[in-house]
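S.K.: Mind the numbering: the sequence shown is residues 1 to 132 in full-length UniProt numbering, read in order. C-beta atoms are modelled at their ideal positions from N, C-alpha and C, and glycine is treated no differently. The structure displayed is predicted, hence computed values, not measured ones.
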Amino acid sequence: MRVTGRIVRFDGVRGYGFITPDIGGEDVFLHVNDLEVEKNRAVRGAQVSFEIDEGNRGKFAREVRLSNSSGPVDDDPSVAGDEYFDVLSPEEFRQTITEKLLHITPALNAQQILAVRSSFEEVARKHGLIDS
Numbered sequence: 001m002r003v004t005g006r007i008v009r010f011d012g013v014r015g016y017g018f019i020t021p022d023i024g025g026e027d028v029f030l031h032v033n034d035l036e037v038e039k040n041r042a043v044r045g046a047q048v049s050f051e052i053d054e055g056n057r058g059k060f061a062r063e064v065r066l067s068n069s070s071g072p073v074d075d076d077p078s079v080a081g082d083e084y085f086d087v088l089s090p091e092e093f094r095q096t097i098t099e100k101l102l103h104i105t106p107a108l109n110a111q112q113i114l115a116v117r118s119s120f121e122e123v124a125r126k127h128g129l130i131d132s
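Written out as structure tokens, the structure is:
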């Protein structure tokens with residue numbers, strides 16, 4: 001079944017990246033050999049259509065084509081290239097990270113969540129992404 005999604009990251013040097021399917025679920029692995037366009041057109045935010053296959057290491061995309069809307073979405077600030085971003089309070093950051101971790105990996109226990117969240121918070125503080 002052909003589905004659509006957006007490229008969330010792609011490293012042209014290493015030749016791989018990931019697509020977030022519009023139907024939801026986990027990101028799908030994208031290898032440069034499965035692109036039906038030049039790799040320089042596989043940019044973050046590009047809308048694509050593709051087939052999903054299941055391999056030994058999880059889901060992967062094949063027959064990846066650019067959709068009619070081939071560029072980044074203008075209303076998504078994460079792909080707009082702006083240098084502006086929201087600075088969260090420490091509590092907002094912890095809540096956001098906790099919710100994301102639980103959504104992505106529900107099997108994490110409280111100790112694991114606290115450890116991962118603490119590491120992310122340290123990086124975010126270092127880069128000015130949360131209030132000190």
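Can you tell me which of F29, A115, Q47, F93 puts its alpha carbon nearest to the alpha carbon of G15?
M.R.: F29
S.K.: What residue from L102, L108, T96, Q47 has the CA that sits closest to E121's CA?
M.R.: T96
S.K.: Taking Cβ positions, are T98 and R125 nearer each other than 8 Å?
M.R.: no
S.K.: For L35, count the other beta carbons within 10 Å of its own beta carbon; 16 or more makes it buried, fewer makes it exposed. Which is it?
M.R.: Buried.
S.K.: Using only the alpha-carbon positions, how far apart do R44 and Q111 sit?
M.R.: Cα-Cα distance, rounded: 33 Å.
S.K.: For R2 and F60, I'd like the C-alpha separation in whole angstroms.
M.R.: R2 and F60: Cα-Cα distance of roughly 13 Å.
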